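In what follows, a single structure is set out as structure tokens and then discussed.
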Amino acid sequence: MRNVMLISSLLAGVVTMSVYAQAPAPAPAPAPTTQKPATAPPATQKPAGTTAAPRRAPTTSSRSGMAITVTSPRGATIAGVQVALTGPTERNGETDASGQVNFPGLQAGTYRLRFSGDNVTAFEREVIVRAGQISDVDVTLSAAPEPKVIVKDAPALPQGPATSASGPKGQPVTYAIGELLEKEYVGKQPRRETLLSCSGNERAAMIQLNEPMPERLYENADAIYYVLGGEGTLLLNGKETKLGLNGFASVPRGTSHSFLKRGNRLLVLLSVLSGEPCEQPR
Numbered sequence: 297m298r299n300v301m302l303i304s305s306l307l308a309g310v311v312t313m314s315v316y317a318q319a320p321a322p323a324p325a326p327a328p329t330t331q332k333p334a335t336a337p338p339a340t341q342k343p344a345g346t347t348a349a350p351r352r353a354p355t356t357s358s359r360s361g362m363a364i365t366v367t368s369p370r371g372a373t374i375a376g377v378q379v380a381l382t383g384p385t386e387r388n389g390e391t392d393a394s395g396q397v398n399f400p401g402l403q404a405g406t407y408r409l410r411f412s413g414d415n416v417t418a419f420e421r422e423v424i425v426r427a428g429q430i431s432d433v434d435v436t437l438s439a440a441p442e443p444k445v446i447v448k449d450a451p452a453l454p455q456g457p458a459t460s461a462s463g464p465k466g467q468p469v470t471y472a473i474g475e476l477l478e479k480e481y482v483g484k485q486p487r488r489e490t491l492l493s494c495s496g497n498e499r500a501a502m503i504q505l506n507e508p509m510p511e512r513l514y515e516n517a518d519a520i521y522y523v524l525g526g527e528g529t530l531l532l533n534g535k536e537t538k539l540g541l542n543g544f545a546s547v548p549r550g551t552s553h554s555f556l557k558r559g560n561r562l563l564v565l566l567s568v569l570s571g572e573p574c575e576q577p578r
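For the sequence shown, the residue numbers in this note's numbering are 297 to 578.
This is the structure:
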């Protein structure tokens, strides 16, 4: 009996081992993949074989020049003014009836302008012309000063009666200067001289000045000036002296002198000459 049990145990162990031997082994787990999915090309990527279009520089106009207008201090245009242009491009021209002259086609750079003419005071100005631009140049020119006038005596008269050395006797006169000035007002004229009296060797006049009085010189007459209105400057032998309202000046014969006004007010002078026959023009 004991032997039978031993044999049964051995057979059971063999059957169990056979079952384990026939069971299939489990399949290995698949290895993780490292391959990355294909990505689309960047949006800015250009197809092969194409090139980028070259960038163009912004276009600029090469047209440069000057447009010049010449006027007087009162704003009136001045024709016939000679304009000389020196610099990278040299030009010459003359203002037309509208006081204008144009210089087109100039190179960029710094230019020197010179304005001249018979009726204007010469003037120079520097102007910068930039590429592609038209430079507007407005210039105000002063009137040319009047030439100096030297007043000289007439040739000496031949010897004769004593009465021949002086002018005729005049008439007594009186004036209200304010009323006379209103009647004889100079307006916009450069100057005006009104004769007040003439008798023997004495001559009196009222002088109104908007612009300088030309230089005067009396070889045989003394001059006296009295300021009736405004302010002025007396040029006496090249020296300047300021004279205000009620100012007085005595100018000996043979002395060069002239007047010009100061400020915006009209300069009004009382002028008295003595020593020469008054009928001589002044």
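Even for Gly, the Cβ is constructed at its ideal location relative to N, Cα and C. This structure is a prediction, so every number in the text was calculated from the model and none was measured.
| Query | Result |
| --- | --- |
| Between which two residues does the beta strand (DSSP E) harbouring Ile374 extend? | Taken as a continuous stretch (DSSP letters only), Ile374 belongs to no beta strand (DSSP E), as it is neither H nor E. |
| If you follow the beta strand (DSSP E) that Glu515 is part of, which residue opens it and which one closes it? | Where Glu515 is concerned, there is no enclosing beta strand (DSSP E), given that its DSSP letter is neither H nor E. |
| What are the boundary residues of the beta strand (DSSP E) that includes Lys535? | Lys535 to Leu539 |
| Could you tell me if Phe555 is buried or exposed, where buried requires 16 or more neighbouring beta carbons within 10 angstroms of its beta carbon? | buried |
| Which two residues bound the contiguous alpha helix (DSSP H) that contains Lys484? | No alpha helix (DSSP H) contains Lys484, which DSSP labels as neither H nor E. |
| Taking 8 Å as the cut-off, decide whether the C-beta atoms of Ile503 and Ser552 are in contact. | no |
| Considering only the beta carbon of each residue, do Asp518 and Ser462 sit closer than 8 Å? | no |
| Take every Cβ of the region 389-401, pair it with every Cβ of the region 360-377, and state whether three or more of those distances are shorter than 8 Å. | yes |
| To the nearest angstrom, report how far apart Ser546 and Asn506 are at their CA atoms. | 22 Å |
| What are the boundary residues of the beta strand (DSSP E) that Arg561 is part of? | That residue, Arg561, is in no beta strand (DSSP E); it is neither H nor E in DSSP. |
| Quick one: which unbroken beta strand (DSSP E) runs of 3-plus residues sit fully inside the region 381-422? Chain order, please. | 387-390, 396-400 and 405-412 |
| Determine the contact status of Arg426 and Leu409, defining contact as a CB-CB distance below 8 Å. | no |
| Would you mind working out which of Gly395, Glu390 and Pro384 sits nearest Val423, comparing C-alpha positions? | Pro384 |
| Looking at Val469 and Ser493, is the spacing between their C-beta atoms short of 8 Å? | yes |
| Tell me which residues share the same chain as Gly466 and place their Cβ nearer than 7 Å to its Cβ, disregarding the 5 neighbours each side in the sequence. | Ser493, Cys494 and Ser495 |
| Once you ignore the five residues that flank Ile520 on each side, which residues in its own chain have a CB closer than 6 Å to its CB? | Ser546 and Val568 |
| Sort Glu480, Gly550 and Leu539 by Cα distance to Glu511 and report the nearest one. | Gly550 |
| In the DSSP assignment, the beta strand (DSSP E) including Ser546 goes from what residue to what residue? | Phe544 to Val547 |
| By the three-class DSSP mapping on this structure, what secondary structure does Ala427 have? | coil |
| Using a Cβ-Cβ cutoff of less than 6 Å, which residues in the same chain neighbour Gln403 once the five nearest sequence positions on both sides are dropped? | Pro384 and Thr385 |
| Use the C-beta contact count for Thr537: other C-beta atoms within 10 angstroms, 16 or more gives buried, fewer gives exposed. | exposed |
| With DSSP as the reference, please indicate the residues paired to Ile503 in a beta bridge. | Glu489 and Leu565 |
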